[in-house]
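Visitor: Residue numbering for the sequence shown is 1 to 250, as defined by full-length UniProt numbering.
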Amino acid sequence: MHSASFDKMMSFFRSYRGQFPTLEGKTRVLEVGSKSYREQDTYRSIVEDDREIYTGLDLEAGKNVDIVPSNPYVWEEIADASFDVCISGQTFEHNPFFWVTACEIARVLVPGGYTCIIAPGGGQVHRFPVDCYRYYPDSWAAIAALAGLEISEVYFETDEVALRVKGGRWRDSMLIARKPLQTDEAAARRRQQVVQPFKEGFGSFEAIGHKYGPAVEDYVARTKVPPLRAIRQKVGRRISPFGVLGIYRG
């Protein structure tokens with residue numbers, strides 16, 4: 001986890017902590033994708049032990065993990081409305097069926113509970129073990145609508161901020177959303193419909209990376225240009241993108 005992601009989550013807690021639901025004076029926090037591999041690669045240190053109870057969920061056991069669900073997509077070990085806050089960072093891009101996880105987050109939140117999800121909107125491929133998606137503001141709008149969550153804030157790392165923060169190349173996108181106080185039966189039914197196939201065992205697939213055939217080979221071949229023309233194009237772009245000098249672009 002890069003420091004800009006950590007700082008975003010810190011800002012979420014600083015700004016919304018006073019609005020979190022509590023049970024007997026403490027807020028129950030669930031982190032999805034909590035396993036710690038290095039220093040500061042989870043959000044555990046943001047949680048204040050005197051005010052909050054932290055639980056970490058991950059697909060494999062390890063440091064900072066309290067729950068390893070038997071089904072990676074359907075958390076039968078967690079009852080409905082068990083947590084007041086659910087957070088996740090730098091995991092949704094690796095989640096091939098993220099919409100199921102979003103529905104599970106909504107299910108385990110109490111009415112009025114908050115979620116903050118951070119995921120990259122850019123950056124290079126980094127499989128762990130797969131790398132499937134990048135997220136934009138409209139991505140979060142669709143996810144929230146499906147899961148029955150009310151959007152509080154959506155952010156996409158701007159050019160200006162990306163240049164001055166560590167990890168800016170990932171162009172982090174962030175959703176802050178709230179589960180409605182009033183029970184939404186339609187949303188609950190929709191979540192059940194989304195999750196059902198995964199209860200029945202669906203969820204495995206073969207990661208593919210690249211799979212080239214005649215179409216890709218034809219395309220790549222046609223992108224190759226003679227060396228002299230390539231030099232002309234490069235010089236032309238450096239001198240002028242248009243006008244008379246544009247002739248050097250080939």
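The beta carbon of each residue, even a glycine, is placed where N, CA and C say it ideally should be. All values reported here derive from a predicted model rather than from experimental measurement.
Does DSSP classify V130 as helix, strand or coil?
Guide: For the purposes of this step, residue 130 is taken as residue 130 along the sequence shown, with counting starting at 1. In the structure shown, V130 sits in coil (DSSP, three-state: anything other than H, G, I, E or B).
Visitor: Considering only C-alpha positions, which residue in the set K35, I53 and R44 is nearest to E60?
Guide: Translated into the one-based positions of the sequence shown, residue 60 becomes position 60. Checked all of K35, I53 and R44; the closest Cα to E60 is K35.
Visitor: Less than 8 Å between the C-beta atoms of S68 and H94, yes or no?
Guide: Taking the first residue of the sequence shown as position 1, residue 68 is located at position 68. Taking the first residue of the sequence shown as position 1, residue 94 is located at position 94. Note that residue 68 is Val in the sequence shown, not Ser. In this structure, H94 does not lie closer than 8 Å to V68 by Cβ.
Visitor: By DSSP, does R28 sit in helix, in strand, or in coil?
Guide: The residue labelled residue 28 in the question sits at position 28 within the sequence shown. The answer is strand: DSSP assigns R28 an E or B state.
Visitor: In terms of residues, what are the limits of the alpha helix (DSSP H) holding D138?
Guide: Position 138 of the sequence shown, counted from the start, is the residue given in the question as residue 138. Segment P137 to A147, the alpha helix (DSSP H) holding D138.
Visitor: What residues match up with F156 in a beta bridge as DSSP calls it?
Guide: As a working mapping, residue 156 is identified with position 156 in the sequence shown. For F156, which the question treats as bridged, DSSP gives the partners S173.
Visitor: Kindly list the residues whose CB is nearer than 6 Å to the CB of F13, restricted to its own chain and excluding five residues on each side of it in sequence; keep chain order.
Guide: Within the sequence shown, numbered from 1, the residue matching residue 13 stands at position 13. For F13, where only same-chain residues beyond five positions count, the Cβ hits under 6 Å are I46.
Visitor: In the structure shown, what three-state DSSP assignment does S204 receive?
Guide: The residue given as residue 204 occupies position 204 in the sequence shown. Three-state DSSP puts S204 in coil, outside helix and strand.
Visitor: Select from S70, M10 and K234 the residue whose C-alpha is nearest the C-alpha of S88.
Guide: Looking up residue 88 in the sequence shown gives position 88. Among S70, M10 and K234, the Cα nearest to that of S88 belongs to M10.
Visitor: Rounding to the nearest angstrom, what Cα-Cα distance links H126 and A4 in this structure?
Guide: Taking the sequence shown and counting its residues from 1, the one referred to as residue 126 is at position 126. Taking the sequence shown and counting its residues from 1, the one referred to as residue 4 is at position 4. Cα to Cα, H126 sits roughly 18 Å from A4.
Visitor: Taking the alpha-carbon positions, what's the R107 to A162 distance?
Guide: Taking the first residue of the sequence shown as 1, we reach residue 107 at position 107. Taking the first residue of the sequence shown as 1, we reach residue 162 at position 162. Each residue's alpha carbon lies about 33 Å from the other.
Visitor: Taking the alpha helix (DSSP H) that Y16 falls in, what are its first and last residues?
Guide: By one-based count along the sequence shown, residue 16 stands at place 16. Where Y16 is concerned, the enclosing alpha helix (DSSP H) stretches over S3 to Y16.
Visitor: Rank F83, L23 and F128 by C-alpha distance to the C-alpha of A207 and give the top, closest one.
Guide: Here residue 207 refers to the residue found at position 207 of the sequence shown. Cα-wise, what sits closest to A207 is F128.
Visitor: Using the C-alpha atoms, what's the distance from A221 back to K234?
Guide: Position 234 of the sequence shown, counted from the start, is the residue given in the question as residue 234. Position 221 of the sequence shown, counted from the start, is the residue given in the question as residue 221. If I take the Cα positions, the gap works out to 19 Å.
Visitor: Measuring CB atoms only, is the stretch 178–187 touching the stretch 195–207, in the sense that at least three cross pairs come out at less than 8 Å?
Guide: As far as the Cβ criterion goes, the stretch 178–187 does not touch the stretch 195–207, which means the pair count is below three.
Visitor: For Y114, count neighbouring C-beta atoms within 10 Å of its own C-beta (all shown protein chains included) and say buried if the count is 16 or more, exposed if not.
Guide: As a working note, residue 114 is residue 114 in the sequence shown. That one is buried.
Visitor: Provide the residue(s) that pair with I151 in DSSP beta bridges, ordered along the chain.
Guide: On the sequence shown, position 151 is the one that residue 151 refers to. Looking at the DSSP assignment, I151 forms a beta bridge with A177.
Visitor: In three-state terms, what does DSSP make of F92?
Guide: Here residue 92 corresponds to residue number 92 of the sequence shown, with the count starting at 1. Three-state result, F92: helix.
Visitor: Which residues mark the beginning and the end of the alpha helix (DSSP H) in which T101 is found?
Guide: Sequence index remark: in the sequence shown, residue 101 carries index 101 (1-based). Note, T101: alpha helix (DSSP H), F98 to V108.
Visitor: Touching or not, the stretch 165–179 and the stretch 139–146, by the rule of three or more beta carbon pairs under 8 Å?
Guide: Judged by Cβ distances under 8 Å, the stretch 165–179 makes contact with the stretch 139–146, as three or more pairs qualify.
Visitor: According to DSSP, is G246 part of a helix, a strand, or is it coil?
Guide: Walking along the sequence shown from the start, residue 246 turns up at place 246. Unreliable placement is indicated for G246, whose pLDDT of 44 sits below 50; the coordinate value is still reported in the next sentence. In the structure shown, G246 sits in a helix (DSSP, three-state: H, G or I).
Visitor: Smallest Cα separation from Y136: which of S70, R171, R189 and R164?
Guide: For this step, residue 136 is matched to residue 136 along the sequence shown. Checking every option, the nearest Cα to that of Y136 belongs to R171.
Visitor: Hey, quick one: how far does the alpha helix (DSSP H) through Y219 stretch, first residue to last?
Guide: Mapped onto the sequence shown, residue 219 falls at position 219. Y219 -> alpha helix (DSSP H) spans P214 to T223.
Visitor: In the DSSP assignment, find the alpha helix (DSSP H) that holds E185 and state where it starts and stops.
Guide: Taking the first residue of the sequence shown as 1, we reach residue 185 at position 185. Residues E185 to K199.
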